[in-house]
Each structure stands twice: as C-alpha cells, then as structure tokens.
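Undergrad: Chains as they are written, first to last, in the working numbering: chain B, 89 to 468; chain X, 89 to 468; chain G, 89 to 468; chain A, 89 to 468.
Idealized CB from N, CA, C, for every residue including glycine.
4 protein chains.
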Amino acid sequence: MSREFDLLITNADVVTASDRFTCDIGVRDGKIAALGTELGTASTVVDAQGLLVLPGGVDAHCHLDQPMGFGVKMADDFRSGSRSAACGGTTTIIPFAAQAKGQSLRDAVTDYHQRANGKSAIDYAFHLIVSDPTEHVLQVELPELIAQGYTSFKVYMTYDDLKLSDGQILDVLHVAREAGALVMVHAENSDCITWLTKRLDEAGKTQPKFHATSRPQPVEREATHRAITFAELIDVPILIVHVSGSEAIEQIRWAHGRGQKIFAETCPQYLYLTEADLDQAGYEGAKCVCSPPPRDAQNQEAVWRGLANNVFAIFSSDHAPFSYEDERGKKLKGKEQKFQYIPNGIPGLETRLPLLFSAVSQGRIDLHQFVSLTSTHPAK
Amino acid sequence: MSREFDLLITNADVVTASDRFTCDIGVRDGKIAALGTELGTASTVVDAQGLLVLPGGVDAHCHLDQPMGFGVKMADDFRSGSRSAACGGTTTIIPFAAQAKGQSLRDAVTDYHQRANGKSAIDYAFHLIVSDPTEHVLQVELPELIAQGYTSFKVYMTYDDLKLSDGQILDVLHVAREAGALVMVHAENSDCITWLTKRLDEAGKTQPKFHATSRPQPVEREATHRAITFAELIDVPILIVHVSGSEAIEQIRWAHGRGQKIFAETCPQYLYLTEADLDQAGYEGAKCVCSPPPRDAQNQEAVWRGLANNVFAIFSSDHAPFSYEDERGKKLKGKEQKFQYIPNGIPGLETRLPLLFSAVSQGRIDLHQFVSLTSTHPAK
Amino acid sequence: MSREFDLLITNADVVTASDRFTCDIGVRDGKIAALGTELGTASTVVDAQGLLVLPGGVDAHCHLDQPMGFGVKMADDFRSGSRSAACGGTTTIIPFAAQAKGQSLRDAVTDYHQRANGKSAIDYAFHLIVSDPTEHVLQVELPELIAQGYTSFKVYMTYDDLKLSDGQILDVLHVAREAGALVMVHAENSDCITWLTKRLDEAGKTQPKFHATSRPQPVEREATHRAITFAELIDVPILIVHVSGSEAIEQIRWAHGRGQKIFAETCPQYLYLTEADLDQAGYEGAKCVCSPPPRDAQNQEAVWRGLANNVFAIFSSDHAPFSYEDERGKKLKGKEQKFQYIPNGIPGLETRLPLLFSAVSQGRIDLHQFVSLTSTHPAK
Amino acid sequence: MSREFDLLITNADVVTASDRFTCDIGVRDGKIAALGTELGTASTVVDAQGLLVLPGGVDAHCHLDQPMGFGVKMADDFRSGSRSAACGGTTTIIPFAAQAKGQSLRDAVTDYHQRANGKSAIDYAFHLIVSDPTEHVLQVELPELIAQGYTSFKVYMTYDDLKLSDGQILDVLHVAREAGALVMVHAENSDCITWLTKRLDEAGKTQPKFHATSRPQPVEREATHRAITFAELIDVPILIVHVSGSEAIEQIRWAHGRGQKIFAETCPQYLYLTEADLDQAGYEGAKCVCSPPPRDAQNQEAVWRGLANNVFAIFSSDHAPFSYEDERGKKLKGKEQKFQYIPNGIPGLETRLPLLFSAVSQGRIDLHQFVSLTSTHPAK
C-alpha cells in the first residue's frame with residue numbers, strides 16, 4: 089500500500105524534454121514521489137485538468153550581487169533576484185562566483201556563498217569566473233573546487249578587468265579537460281572593441297547606440313572561431329554563451345559539422361531586441377546595452393532557426409540588472425553619458441520563460457525543445 | 089489508496105530520451121501505470137537493482153513479407169520478423185504496405201493487414217509506399233488513409249518498379265503538406281545507377297563488389313539535394329532514409345543551416361560494414377548488398393559524428409532479409425550472379441539495438457541519444 | 089628593316105587580360121602585326137593618345153536566326169545580329185547550330201552555316217545544341233564534328249523540345265570527355281517548372297511576372313548541383329551558362345572548393361534587371377522574360393561578387409531577340425498572354441560590353457577582369 | 089622605318105598570364121621594344137624556334153641578409169641570393185626591409201638599401217616589415233614611405249621579436265587603407281605555439297619533427313580567420329602569405345565567397361615537402377624547418393587545387409637560407425638541438441620556378457596560371 093502524499097496534482101498534462109503524457113503527480117516532502125494513475129490519497133489535491141505541467145526552469149546564466157567597476161552595484165541581490173526568478177517559473181539559478189584579479193578563487197566562492205546565504209527563495213548553485221589563473225589557481229584551487237562540485241567556470245575574452253590571454257585560456261581549458269569540468273566562454277575580441285571604441289569616441293559618437301557599432305558581429309565571430317580552435321587543440325567541450333547572431337552561429341555549426349562538442353547558449357535579448365532599441369531617447373537606449381549587443385531582424389531569425397535546429401543547447405537570461413536610481417543612473421544623468429561607461433547587462437530572470445514560451449504558442453519551437461532549452465545545463 | 093499492480097519493477101535505473109532517475113515501476117493491464125517510490129503492492133515483484141530500464145525499441149524502417157521482383161520472396165513474414173525484433177529489444181515495428189504500380193493504395197493496405205493479422209508478437213503499424221500516384225490516389229485514397237492514421241509514406245527516386253518522377257514526388261509532397269503527413273525518401277539518382285551499371289556490365293565487372301561502384305556517394309548526394317529542394321519548394325518536412333555517408337550528410341546539414349526541417353535516418357550497416365564487405369568469396373559479399381551500399385571507414389566516422397551531433401533523428405534497421413535457400417540463393421548459385429540481380433537488403437531487426445548500444449558503452453553517444461534514436465519516429 | 093604597315097595606331101594604352109602597357113600597334117592585312125615603339129611607317133596613322141585599346145569582344149553565347157516553337161521567329165538573322173554586335177565592340181560571335189528532335193546533328197550544322205553564309209559582319213563560329221543524342225549522334229556524328237572543330241555543345245535540362253534525360257546528359261558528357269570537348273549546361277529542373285506553372289495557371293496567375301515565380305532559385309540551384317554531379321561522375325569539365333543568383337553560385341563555389349573544373353557564365357540581365365522588371369504594364373514586363381529569370385537586388389550583388397572573385401569565367405549576352413510586331417507580339421496582344429507562352433529571351437549583343445564596362449568605371453571589376461570575361465571562351 | 093634592335097629573338101612561343109602567340113621580340117637598351125613579325129634588323133639574332141618565352145619571374149617573398157635572433161646570420165646576401173634567383177629564371181626579387189623593435193622604420197629602409205647596394209644581379213625592391221608601429225611610425229614614417237613607393241609591408245602574428253598585437257595590426261591596416269598600400273600577414277597564433285612548445289619541451293619532445301606538432305593547422309587557420317576579420321573591419325585587402333594547407337584555404341575561400349578581397353600566397357615547400365621530411369636522421373630534418381610547417385599529402389593536394397582554382401594569387405619562395413657551417417649549424421651540433429631554437433626557413437629562390445613548372449608538364453596547372461602565379465604581385 090502506498091504511503092499518503094502531501095500533495096496530489098491530478099490530470100496533469102506532463103511534458104519533459106522528450107515525452108508527454110497525462111497522469112497524476114504525487115509529492116512528498118517537497119519532492120515528486122510518483123507519476124501515474126490511481127496513485128493513492130493526499131492531504132491536498134489540486135486538479136490540473138487542461139494545464140501543462142513542466143519541469144521548473146533552470147537559469148544557468150545570471151549575475152546576482154556581483155560588484156562592477158566604477159563602484160556600480162547590481163540592482164538585484166540573491167533575495168530580490170531569486171524571487172523574480174520564482175515568479176517567472178524558474179526554480180533553480182546558477183549565478184557566478186567571480187574572482188577579482190589578485191583574489192584567491194576560493195575566497196571568491198566563500199564571498200558569494202555569504203552573499204547568497206539565507207536569502208534565496210529557490211535552489212541555487214555557482215559557476216566560477218576565472219579572471220586570474222595563477223599557477224596556484226590552476227594547480228590547486230581549481231582542481232579542488234571542481235572536486236567539490238564547482239564543475240563549470242567562465243572565461244572572458246574581453247573586459248579589461250576579466251579577460252584572459254589566449255595562453256591563459258588554453259591553461260584553463262586544460263584544467264577543465266583533466267578534471268572533467270565545462271568552460272563557458274564570453275567570445276568577443278577585446279582589441280577590436282577597444283580600437284573601434286577609440287575611433288568612435290574621437291568622432292564624438294558616444295550615444296548608447298554606438299555601443300552596437302563598437303562590437304559588430306565579426307568581433308564576436310572571430311572570438312568564437314578562436315575559442316573553438318582552443319577547444320579543438322585541447323580536445324575539450326566548451327559552452328559559447330550569449331550568442332547573438334548568424335555569424336557566430338555559422339562558426340558553431342561549422343564546428344558541429346567537424347564533430348566538435350561545442351555547446352551554445354542564447355538569450356531573450358537576441359530574439360526580442362535589435363540594435364534599434366539602443367537608439368531611443370533619454371535613458372531608454374542605455375537600458376538595452378548588453379554584450380554582445382542585440383543585432384537586427386535577420387539575425388533574430390537566425391537565432392530562432394538555431395533554437396529550432398539544435399544549434400543551441402541552452403537558453404538563459406544573462407540577467408545583469410542595474411538601477412537608474414544608483415550609480416549607473418547618476419552616470420547616465422551626468423556628463424559622462426558615453427556608451428563605453430554604461431554597465432553592460434539587462435534583467436531577464438523573470439521574463440525568460442514567458443518570452444520563450446510565446447515561441448511555443450507561435451509554433452516556432454515545440455514544447456519538448458522549450459523544456460530542454462530552459463531546464464537543463466550541459467555541465468550537469 | 090492505490091490499486092494493486094500486476095507487476096512492480098523496483099529500483100529501476102530509468103532512462104528516457106532526456107531524463108534519468110531511479111524509481112519503481114508499477115504495471116497494470118500490460119501498461120506502465122506509475123513511476124515512483126513507495127508505490128504500493130503487486131502480485132509480481134521484480135528487483136531491477138543495478139539494471140537500466142529503457143523504453144522498448146521502435147523500428148520505424150523495416151520490410152516484412154514484401155514481394156520482390158523476379159519472384160524473390162523475403163525470408164521473414166510478420167511472425168518470424170516480429171519475434172526476432174522482440175528478441176532484440178524492439179517492441180514496435182513499422183514495416184511498409186507497398187503499392188504495386190497499377191494497384192490501388194487501399195488494396196495494398198488491406199493486403200498487408202492480412203499478411204500481418206494474428207502473426208505479430210509485438211505492436212505494429214504501417215508506412216505506405218506510394219509507387220503509382222494517380223489522380224485518384226492523390227485526391228482520394230491518400231487523404232483518406234492519412235485521415236485514418238497512415239500518416240507516413242515512402243517514395244523512391246530509384247528502382248524501376250517503384251520510382252517516381254520529380255513531378256510525381258512534388259505531387260506526393262503536396263498531399264503530405266495539405267494533410268500533415270510525413271514523406272520518407274529513398275534518395276539515389278536512378279539514371280546514374282543505370283548508366284554506371286550498363287558500363288560495368290559491358291566491362292564484365294559484375295561481381296557483388298561492383299554493386300558499390302554502381303552507386304557511388306555522389307549518386308546519393310545528388311538525389312538528397314534534389315529531395316531537399318522539393319521539400320523546400322513545397323515547404324514541408326521530409327525524412328531522408330538510410331543515409332550512408334559524409335556527402336549526403338553534408339547536404340542535410342546544409343539544409344538544417346538554412347532552417348529546413350529535414351529529418352534523417354541511418355542504419356547499422358553504415359556504421360559497421362564497408363564496401364570491402366561486398367568483396368568476399370562465394371555468397372558472402374552478396375549478403376552485404378543493400379542500397380545505398382556501405383561506404384568506407386571515413387564515412388563510418390562521418391555517420392557516427394552525425395549520430396552524436398543531431399544530424400540524425402532516427403536509427404532504423406531497414407530490415408530486408410533474403411534466404412540463400414530460395415530464389416535469391418538459386419540466382420546466386422546459377423549463372424546470373426551479376427550484382428544487378430541480387431535483391432537489395434540485409435536483416436537487422438534483432439541486431440539493431442545491441443549494435444547501437446555498443447556505441448553507448450564506447451562513449452560515442454550517450455544513453456539519452458540512444459533512447460531518442462531508437463524508440464521514436466518523427467511522424468509520431 | 090620592317091615592312092611598312094597598313095595602319096599604325098600610336099600611343100595606345102593597351103590592356104589584355106593580364107597586362108597593360110603603352111605602345112604603338114602595327115596592322116597589316118587586317119591583323120595585328122606588331123606591338124612596340126618606333127615600329128616604322130604606315131599608310132594610315134591614328135593617334136590613340138589617352139585611349140584604351142582592348143581586344144575585340146567575343147560573345148560566346150547568343151542565338152541568331154534560330155526557329156522557336158509556336159512558329160515564332162527570332163528578330164535577328166546573322167546580318168542584323170552581327171552588325172549590332174560590331175556596334176557594341178564585339179568582333180566574334182559564337183551562336184548555336186541547334187539540332188531539332190529527330191534531326192541529324194550534321195544537318196543542323198549545314199543548315200546554320202547556310203543561314204550565316206555571307207551575312208555576318210564579323211567572325212563567327214558555332215556551338216552545337218544536342219537535343220536528340222541517338223546512338224548514331226553519340227558514336228558517329230558528334231565525334232566527327234568535334235574532330236572538325238565543333239568542340240563545344242549545349243544541353244538543356246528544361247524546355248520540352250530540347251531537354252535531355254539525366255542518362256542522356258551522362259552520354260553526352262562521356263563523348264565530350266573522350267573527345268576533349270566542352271559541354272555547356274542550361275540548368276533548371278524541368279518538372280519543378282511544369283509543376284509550379286500548372287499551379288499558377290490554375291490560380292489564374294499568368295501575367296509575365298509569374299514567369300519568375302514559376303522558376304525560383306532552388307529550381308536552378310538543384311539542376312546546377314545535378315549537372316555538377318554528372319560532371320563529377322564522368323570526370324569532365326562543364327560550363328554552367330547564364331547563372332542568375334547566389335544559390336547556383338553557392339553550388340559552383342562548392343564544386344570549385346572540391347577541385348572540380350566547373351566553368352560558369354553570367355549575363356547582363358542578372359546584373360541589371362530584377363524580377364520587378366517583369367511586373368510592368370502592357371508588354372514591357374514580357375520584354376524581360378528570360379530563363380532563368382532575373383532575381384533581386386541581393387542576388388545582383390552576389391553575381392557582381394562572383395565576377396570580381398573568379399566564380400565566373402565568362403560574361404555573355406545570351407542574346408535571343410523577339411519582335412513585338414511578329415508572332416510574339418501577336419501572342420502577347422491576343423488572349424493568350426499567359427507567361428508560359430512568351431518566348432524566352434532578350435537582346436544583348438550590342439549592349440553587353442558597354443554594360444559591363446560601366447562596372448570598370450565604378451571600380452567593381454578591374455580592366456583585366458573585363459577583358460578576360462568578355463573576350464575569351466573556356467573551350468578555345 | 090623602325091630603328092635597329094640590339095637583340096632580336098625570332099619565332100618565340102610567347103606566353104603571358106592570359107595570351108599565347110608566336111612572334112619575334114625586339115630588344116633595345118635592355119628592354120623589350122617590340123613584339124611582332126617582320127620587325128626589322130638587329131645586331132644579334134637568336135632563333136627561339138620551338139621554345140617558350142615567358143616573362144621573367146618575380147619572387148615577391150624572400151629574405152636576404154636579414155639578421156636573426158641568437159646571432160644567427162642568413163646564408164645569402166644580395167649578391168649570392170640574386171644570382172641564384174637569376175639562375176632559376178627570376179629577374180626581380182622583393183625581399184624585406186625589416187624594422188627591429190625600437191628602430192625607426194626609415195633607418196631600416198636605409199640599412200637594407202646599403203646591404204643591397206651594388207650587389208644585386210637583378211632588379212629588386214623592398215617590402216617593409218613593421219614590428220614596432222609607434223605613433224610616429226604610423227603617422228609619419230609609414231605614410232611617407234608609402235608615398236615614396238614602399239607600398240607593401242608585412243606584419244607578424246607570431247615570433248616574439250616581430251609580432252604585433254591585434255590592436256597594432258588594426259592600426260597598420262588602417263594606415264594601409266588610407267594610403268592604398270597592401271599588408272602581408274604571417275598568420276599563426278603565437279600563444280598557441282608557445283603553449284604547445286612548452287608542453288612538448290616538458291615531455292622531452294624536442295627533435296625537429298616536433299616543430300610541426302607545435303604549430304598544427306588549427307593554429308594557422310585561427311590566425312587566418314582573425315586576419316580576415318581585421319581586414320573586414322578595416323575594409324582593406326590583405327595578402328595571407330605562405331598558406332600551408334586545407335584549413336587556412338577553407339577560411340580564404342570562405343572570405344572570397346563573402347566578397348572580401350583576400351589575396352593568398354603559397355610556396356614550394358607546401359607542394360613538395362610533408363612533415364615526414366622533418367623526421368629525418370641527423371641534421372636533415374632541421375633543414376626542412378619552416379613556418380608554417382609542411383603538412384601531409386592530403387594538404388599538398390589541397391594546395392594544388394588552390395593553385396588551379398584561383399585561391400592563390402601568387403607563388404613565392406619565402407627564401408630564408410641558413411648554413412650548417414655557421415651559428416645555426418653550431419646550434420644544431422651542440423646540445424641545444426631543440427626544435428624551438430632552429431632558425432625557421434629554407435632556401436628556394438633558385439628552385440621556385442623549375443618546381444612549379446613541373447606542374448605545368450604534369451597538367452596540374454596551365455601555362456597561363458604558371459606565369460600569373462610567378463611573375464606578378466597583388467601590390468603592383
């Protein structure tokens with residue numbers, strides 16, 4: 089005889105990444121204990137007749153309570169961020185524990201656990217950001233942290249305070265290969281952005297819309313090709329994060345055709361925004377500044393095709409929220425409104441799932457693809 | 089309180105195309121009624137501790153009891169074929185109801201149901217083979233049969249008794265689009281095969297190994313490109329069956345990159361045989377004659393990559409068995425041992441799953457890919 | 089001491105397909121006898137100071153005095169056609185001697201020589217059109233004609249009165265390979281055009297603009313891929329004529345990358361017209377009906393890129409002129425104004441060179457490319 | 089009446105990059121004064137009956153008298169180098185005036201003119217090597233030198249004493265665009281080579297053959313893609329020098345397809361050597377050390393295809409000769425025989441033309457391609 093459930097959801101139209109069936113769901117102690125029919129009794133019974141029941145979302149790329157340069161603070165800590173995630177159907181978040189240059193990686197992890205401790209409304213875990221891969225980090229800290237379950241970390245090919253040299257990226261990839269971890273790569277060519285930004289600045293082209301001009305698609309495509317080459321040389325999978333358009337996609341598809349294990353991620357901003365959104369009056373354009381920048385309608389189509397056709401393994405928010413009432417706002421209000429000083433990032437924890445679900449309604453992707461893209465991570 | 093089960097499988101390591109979890113499985117009336125823990129009692133309990141429990145295999149491409157030209161009979165009827173499938177872990181088969189030229193499609197369906205009736209040890213359904221798309225077939229029979237659930241049918245671009253013209257294929261695709269059915273395509277250029285076969289015959293090159301010479305990869309690649317073009321013009325998905333190597337794969341990947349919904353299938357013979365297997369003494373070479381023919385080691389690798397990298401949606405046997413004690417055998421034993429008279433096809437219903445599972449053991453594909461490739465069909 | 093010249097052109101800025109130099113040009117008996125400085129004396133001296141001197145144009149793809157279906161006549165015979173060519177800077181034309189189905193190829197050649205005899209103002213030669221490759225044609229007539237210098241011939245993949253089957257094309261390519269001749273291919277899928285035309289006709293979409301709708305790019309791309317495959321199987325170069333846009337170009341570039349010798353040709357209509365030109369009032373749209381049809385601005389760009397980047401070996405007119413005062417005109421004026429009855433073809437002998445030269449002025453191609461594209465032929 | 093010639097070459101079978109004709113050649117004051125028939129008289133007459141007469145070779149990529157690191161000297165100065173070039177049919181050389189880090193570019197030019205002055209047996213000019221693009225170099229020296237005719241310069245993406253950062257390359261390309269000069273790029277990823285070399289060294293893999301292992305094709309392909317991206321961002325042509333195999337070729341062809349003006353060069357070592365040649369006993373392997381390294385037979389084929397199919401604009405020697413009797417020899421004889429200390433480079437000025445001409449004899453390229461590849465330079 090089956091033990092009574094705490095909660096019984098009846099007549100659920102259950103969809104996983106591969107299957108769909110109608111059944112009851114029995115829950116005990118906050119966990120799904122049984123799927124089936126005639127499962128038994130429960131203290132609480134909810135009838136889900138006519139409703140889809142999907143796995144809770146996993147947002148595997150988001151930033152919470154992460155200090156930025158110039159004294160800018162993020163607008164979300166773990167309390168507010170996790171709540172907005174929950175409101176949007178996401179039940180697990182994986183933000184970053186970011187190492188500052190000169191800092192021990194272990195200290196960064198400790199720091200971020202303190203920031204999160206007792207505040208999150210939902211499950212959470214951490215990716216690491218490796219910005220200073222010293223010999224000690226590579227040989228001691230990173231292997232130890234991987235052994236303790238921190239099996240994914242991100243490297244940057246741009247941003248002065250975060251970027252690694254090509255040789256450092258090879259070092260990190262090598263550790264990942266030895267230890268079986270997954271490296272996420274922010275792929276944009278740093279020198280190109282700096283070069284273009286300087287020219288734009290000299291020409292007085294400093295409004296938010298020139299953020300997009302300063303990092304055109306070839307800048308992302310080049311770094312994507314380079315990252316793929318590093319992964320090929322080390323023979324290890326990588327995850328290219330926040331892919332924005334057709335040119336990076338072309339490189340990823342090319343690598344797939346050669347048999348490389350390259351995972352790719354995209355985000356809502358590359359489906360629903362274009363660079364035209366950066367060209368709005370007042371602060372509105374600045375609110376759409378993220379990197380890589382949104383592209384155009386044709387690239388949106390290319391990203392949609394990639395979602396439908398297995399280019400992308402994952403759909404994340406890259407949540408990085410800033411308030412217009414704090415330093416970012418002051419900066420924008422002050423005389424230094426130049427695009428290169430606007431903190432990069434837009435919010436998305438709460439809206440990620442609803443935005444992509446609208447694509448299911450429109451028939452652009454099917455329900456199984458929706459679940460697969462939103463509730464899993466290649467490093468799991 | 090839950091109703092008692094007929095069978096309870098405990099401690100199962102359940103793997104679906106997307107998920108993996110340990111649970112008990114309750115079965116009532118031959119169907120899975122519940123997955124979970126503490127499910128209740130059953131008259132029979134089996135402990136699956138340490139064992140994988142996977143969905144039963146679906147072999148969506150096999151030929152049973154299908155008459156061939158020259159009076160050749162297949163070696164399997166529905167009884168023997170379904171038993172060998174069951175022995176290999178396959179619980180559903182989808183063979184073909186093949187229309188002969190001049191025959192009503194409805195009559196073909198009736199005929200095949202009679203062939204199967206009462207004989208199959210497992211579940212079965214039928215794809216149709218459309219070899220004579222008259223106006224009546226296109227406007228009456230096919231739409232009616234689709235409405236009755238025969239939602240997939242195959243067209244041939246080669247074989248004199250089966251092949252359709254380009255225009256006829258467009259007609260069939262158009263019906264599929266209107267009715268929401270899926271067309272499977274055997275893609276090889278008929279004229280090229282005929283032309284090459286004539287040359288080989290004139291040169292006395294008629295041993296089984298020249299079967300491969302008579303239909304080299306470009307012959308398959310060309311027809312694949314052509315079929316993809318037809319699907320593009322009609323704007324309908326298709327399934328390219330039994331893809332043999334890198335050149336057809338290149339075309340399929342190219343279509344994916346353009347956003348077309350092209351499903352692709354491959355078979356064990358393209359992973360485990362090469363054209364060298366056709367060059368064996370006595371009858372042995374003839375036993376490996378199938379179309380397209382097996383290629384070489386490099387193409388095997390390309391097919392493996394395609395399995396790992398989402399080129400293929402499905403892995404089938406293309407089971408088409410012939411005995412060496414019947415007409416095929418007599419033909420081979422007699423003076424007409426020319427490759428062009430050897431019935432095309434090799435068995436595979438029983439060995440399909442074990443062969444692909446060995447790739448899981450070797451780490452070439454993961455368990456979820458195995459389940460996805462072997463127990464589903466795009467037309468479901 | 090040098091013999092006196094009939095004509096001396098001094099200070100010429102001479103440009104060939106690869107070189108450029110300033111010199112005098114000495115002419116005797118209608119031929120260039122010397123290039124250089126201080127060449128000697130002449131009865132006539134022309135000072136070319138400040139002028140380019142280029143080789144005379146060769147138009148290697150034009151139709152003159154060729155009978156069409158439905159009793160339609162071409163508007164140019166060899167007299168008028170060769171004069172307009174000369175006026176446009178072309179000094180050699182290579183029109184077609186077209187075999188009708190059932191006709192001897194030799195008779196076709198004799199017929200066309202009679203049509204040309206004594207009429208042409210400039211040099212001429214003939215390509216053959218093979219529309220009926222009987223055993224006699226393949227084994228006797230074609231080899232003999234090739235031996236006599238008719239080393240290039242065209243096959244059609246569309247048009248009911250001209251098209252060959254795939255097997256016939258293989259036969260013709262095989263003869264070309266054995267004898268060292270060059271086959272030109274009109275690449276469009278006949279069945280697709282017929283199928284689309286029937287649908288358009290049923291829908292009452294019969295205005296000239298639907299000519300373009302009835303043969304979209306995939307129809308040309310597919311046939312191009314197929315022709316490339318035939319050339320690969322036979323291992324012989326071919327020339328794909330009148331390439332209209334990016335999709336056929338993609339196939340040609342792909343073949344080049346694989347090392348195949350595929351020559352390609354384009355024409356002024358694919359640089360300067362778009363399908364919008366077919367959508368004009370009255371007869372104007374009909375005047376732009378040619379096959380393949382003009383595409384759009386993006387495809388024009390792709391063709392320009394192909395001219396600059398070695399995709400194309402040759403730039404021809406595909407001159408095929410019709411008058412609006414004769415049968416074509418009557419047809420268009422009558423009730424049968426349907427696009428499918430408009431004779432395909434537009435004039436171009438006179439305008440080919442000036443149109444392409446404007447691209448030199450605009451810097452799209454350089455002078456050497458201009459000369460190479462307009463005064464040579466791969467079969468020479 | 090024509091002035092008498094110093095030399096008359098009669099009955100010459102003249103071949104240029106685009107034309108072929110039989111004529112006499114009149115020479116005055118060391119220059120070709122006339123091509124034609126019945127040209128007049130000369131003090132010396134040479135009958136070239138039955139002989140090809142081709143333009144003198146231009147070797148646009150060679151190193152002469154260029155100081156190397158570690159005190160190693162090149163084995164050829166301008167006297168010996170120019171003589172061996174002449175013996176091989178080359179009548180013009182374009183070696184490099186190489187700037188050392190910290191040196192004025194103008195001083196480098198002056199220095200190399202002194203090295204060459206009075207020594208060369210044939211015509212010569214200089215490319216520049218820019219290794220230290222200071223503001224003064226970029227804004228003053230380089231524009232002035234370009235204005236004086238030094239219109240081509242090379243940048244390195246590897247070698248510690250020569251390499252530029254991505255930003256510096258963008259700077260140099262920008263100057264080239266403004267002034268209409270051509271930048272040549274040595275494309276290999278420096279960090280990857282350093283990383284792999286360190287690993288090989290640690291593993292004791294230091295024999296000459298590991299030179300090839302330390303810079304595999306992806307290292308060259310990545311840098312090629314990156315250089316193409318820089319050229320795209322600046323919108324300027326570049327010349328990728330010494331392309332070694334299929335992977336870099338794939339990138340160049342890809343850029344061509346997109347309409348970019350990317351010139352490419354290959355060298356005899358990539359047609360006639362493989363990495364197996366580095367694995368010979370004693371010093372023999374070290375004699376084949378050049379960068380990029382020779383690849384394998386399949387890549388040789390790819391380079392041949394590229395020569396026949398317009399991937400390459402130019403075929404140079406990359407002549408960089410070292411003696412085994414000097415420092416290089418001592419180094420190799422001493423205990424530091426590690427591959428990373430072997431000066432990179434092999435001789436080729438004398439053998440370049442005969443080696444490629446053998447390909448004409450074999451029908452791999454035609455005579456016009458031979459002339460075009462060996463006697464021209466994109467920057468002319």
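(1) Please classify X/K423: is it buried, with 16 or more other beta-carbons within 10 angstroms of its beta-carbon, or exposed?
(2) In chain A, what lies closer than 8 Å to B/E290 by C-beta?
(3) Measure from the C-beta of X/E320 to each C-beta in chain G and report whether the shortest distance is under 9 Å.
(4) Can you pull the chain X residues whose beta carbon is under 8 Å from the beta carbon of G/L258, in chain order?
(5) What would DSSP say about G/F93, mapped onto helix, strand or coil?
(6) Are there 16 or more other CB atoms within 10 angstroms of the CB of B/L461, so buried, or fewer, so exposed?
(7) Tell me, please, which residues DSSP counts as bridged to G/M272.
(8) Compute the Euclidean distance between the alpha carbons of G/G138 and G/V115, then round it to the nearest angstrom.
(9) Could you pull the start and end residues of the alpha helix (DSSP H) that A/G145 belongs to?
(10) So, X/A185 versus X/F214, is the Cβ gap smaller than 9 Å?
(11) Against A/R108, what residues of chain G qualify as contacts under a CB-to-CB distance less than 8 Å, listed in chain order?
(12) Among G/T294, G/L284 and G/P325, which has the Cα closest to the Cα of G/V307?
(13) Can you name the residues that DSSP bridges to A/I120?
(14) Does DSSP put G/K423 in a helix, a strand or coil?
(15) Listed in chain order, which residues of the segment 306-320 of chain B have Cβ atoms closer than 8 Å to some Cβ of chain A?
(16) Would you decide whether A/A269 is buried or exposed? Buried here means 16 or more other CB atoms lie within 10 Å of its CB.
(17) List, in chain order, every chain A residue whose beta-carbon is nearer than 7 Å to that of B/G255.
(18) Might you give, ordered along the chain, the residues of its own chain that have their beta carbon closer than 6 Å to the beta carbon of G/G144, omitting 5 neighbours on each side?
(19) Here's the rule: buried if 16 or more other CB atoms are within 10 angstroms of the residue's CB, otherwise exposed. What is A/N205?
(20) Could you tell me whether the Cβ of G/G138 comes closer than 9 Å to any Cβ of chain A?
(21) Given a threshold of 16 other Cβ atoms within 10 Å of its Cβ, counted over all protein chains shown, does A/E413 qualify as buried or as exposed?
(22) Apart from the five residues just before and just after X/L258, which ones in its own chain have a Cβ nearer than 8 Å to its Cβ?
(23) By DSSP, does G/N99 sit in helix, in strand, or in coil?
(24) How would you label G/A385, buried or exposed, when you count the other beta carbons within 10 angstroms and need 16 or more for buried?
(25) What is the C-beta distance between X/T470 and X/K375, in whole angstroms, given that I count them as a contact (C-beta under 8 Å)?
(26) Below 7 Å CB to CB, which residues in the same chain sit around B/V459 once its five sequence neighbours on both sides are set aside?
(27) Can you give me, in chain order, the residues of the segment 328-353 of chain A that have a beta carbon less than 9 Å from any beta carbon in chain G?
(28) Under the three-state reduction of DSSP, which class applies to A/E353: helix, strand or coil?
(29) If you measure from the beta carbon of X/N387 to each beta carbon in chain B, is any gap under 9 Å?
(30) Using 8 Å as the threshold, is the segment 376-383 of chain A in touch with the segment 350-366 of chain A, meaning 3 or more CB pairs across them?
(31) Does the structure place the segment 149-168 of chain X close enough to the segment 112-128 of chain X that three or more beta carbon pairs sit under 8 Å?
(32) Going by DSSP in three states, B/T180 sits in which element: helix, strand or coil?
(33) Taking the DSSP output, what are the residues bridged to G/L216?
(34) Using 10 angstroms around the beta-carbon of G/H201, count the other beta-carbons present and answer buried if the total reaches 16, otherwise exposed.
TA: Quick answer:
(1) Confidence at X/K423 is low in this model, with a pLDDT of 48, below 50, so the placement of that residue should be treated as unreliable; the coordinate-derived value is given next. Exposed, since its Cβ has fewer than 16 Cβ neighbours within 10 Å.
(2) What B/E290 touches in chain A: nothing, since even the nearest Cβ is about 12 Å away.
(3) Closer than 9 Å: yes.
(4) D279, C280 and W283
(5) strand
(6) buried
(7) In DSSP, G/M272 forms a bridge with G/K242 and G/L327.
(8) Rounded to the nearest whole angstrom, the CA to CA distance from G/G138 to G/V115 is 20 Å.
(9) A/G145 -> not in any alpha helix (DSSP H); beta strand (DSSP E) instead, spanning G145 to C150.
(10) yes
(11) Result: empty, since nearest Cβ-Cβ is about 11 Å, beyond 8 Å.
(12) G/L284
(13) A/V115
(14) Confidence is the limiting factor: at G/K423 the pLDDT is only 49, short of 50, which leaves the residue's position unreliable, though a coordinate-based value still follows. Of the three classes helix, strand and coil, the one that applies to G/K423 here is coil, per DSSP.
(15) P306, V307, R309, E310, H313, R314, T317, F318 and E320
(16) buried
(17) D279, T282 and W283
(18) So the qualifying residues of the chain are T179.
(19) Exposed, by the Cβ-count rule.
(20) no
(21) exposed
(22) F318, L321 and I322
(23) strand
(24) exposed
(25) The structure shown has nothing for residue 470 of chain X, since chain X only spans 89 to 468.
(26) V103, T104, A105, L142 and P143
(27) I337, E338, R341, H344, G345, R346, G347, Q348 and K349
(28) strand
(29) no
(30) yes
(31) Contact between the segment 112-128 of chain X and the segment 149-168 of chain X is absent, because fewer than three Cβ pairs lie under 8 Å.
(32) strand
(33) G/A185 and G/F241
(34) Per the 10 Å Cβ criterion, exposed.
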